[in-house]
Amino acid sequence: MRSSHCCYGQAMTTNAPRVAKDQVVAIRYTLTSQSGEILDQSGDSPLAYLHGYDNIVPGLERQLEGKAPGDKLRAVVTPAEGYGERDPAGSQRVPREAFPADIHIEEGMQFAAQSPDGRMIPMWVTEVEESAIVVDLNHPLAGETLIFDVEVVALRAASTEELSHGHVHEHGSHHHH
Ligand code: ZN
115 MRSSHCCYGQ AMTTNAPRVA KDQVVAIRYT LTSQSGEILD QSGDSPLAYL HGYDNIVPGL
175 ERQLEGKAPG DKLRAVVTPA EGYGERDPAG SQRVPREAFP ADIHIEEGMQ FAAQSPDGRM
235 IPMWVTEVEE SAIVVDLNHP LAGETLIFDV EVVALRAAST EELSHGHVHE HGSHHHH
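Take the position in the sequence shown, starting the count at 1, then add 114; the result is the number in our numbering.
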């Protein structure tokens with residue numbers, strides 16, 4: 115008769131930190147499309163983000179919840195939890211004069227326009243014509259199912275300043291306020 119272990123696996127319940135709100139999480143990741151095309155990946159150093167503040171797509175943030183350093187996972191993120199569904203009405207042709215004259219506009223560039231109620235609306239250049247620019251209000255990855263192969267590299271508690279800003283401050287990469 116085989117003995118059963120009543121407490122098998124109990125050694126796993128330690129106080130090791132887990133991915134949760136207000137933690138700065140460092141991850142390595144590769145993002146591929148459903149057709150296997152690599153869309154994005156972390157560079158030489160891992161990406162650090164503040165968990166719980168919508169700094170990464172919701173579906174990835176949700177699936178990282180509760181993970182520990184060293185954990186690897188494949189997170190499949192639907193458009194609804196990624197960059198949204200693609201709205202065919204999102205593509206618009208805008209006269210060249212609507213853009214600053216001193217900026218060289220290229221396909222793939224991102225701009226923000228201000229809506230009448232003061233919100234910033236991001237848009238991406240999809241085509242450059244002689245006298246008009248075609249922009250798309252859809253994120254370039256809207257409508258895509260995103261496949262993230264992720265490894266949690268490190269965790270730390272966020273600083274008070276990071277929590278009040280809602281994003282990470284890493285040395286060398288601090289930017290905007
Ligand atoms: Zn800041």
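Just so it is clear, CB atoms sit at the ideal spot from N, CA and C, and this is done for glycine as well.
These numbers come from a predicted model, not from an experiment.
Query                                                                                                                                  : Result
Candidates 189, 182, 170: closest to residue 197 by CA position                                                                        : 170
Span separating the alpha-carbon of residue 115 from that of residue 152                                                               : Its pLDDT being 48, under 50, residue 115 is placed unreliably by the model, and nothing is read from it.
Cβ pair residue 211, residue 242 closer than 8 Å                                                                                       : no
Distance cut-off 7 Å: residue 253 Cβ against heavy atoms of the ligand ZN                                                              : no
Assigned secondary structure, residue 251 (DSSP; H/G/I helix, E/B strand, else coil)                                                   : coil
Residue 261 vs residue 148 beta-carbon contact at 8 Å                                                                                  : yes
Backbone secondary structure at residue 132 - three-state DSSP                                                                         : coil
Per-residue DSSP class, three states only, for residue 115                                                                             : The pLDDT assigned to residue 115 is 48, lower than 50, so where the model puts this residue is not dependable, and the model offers no usable value.
Beta-carbon proximity of residue 264 to residue 187, cut-off 8 Å                                                                       : yes
Contacts around residue 132, its chain only, beta-carbon distance under 7 Å, and the 5 residues preceding and following it disregarded : 180, 181, 182
Beta carbon of residue 189 nearer than 8 Å to that of residue 282                                                                      : no
Close beta carbons around residue 254, own chain, < 7 Å, minus the five adjacent residues each side                                    : 238
Secondary structure of residue 194, DSSP reduced to three states                                                                       : helix
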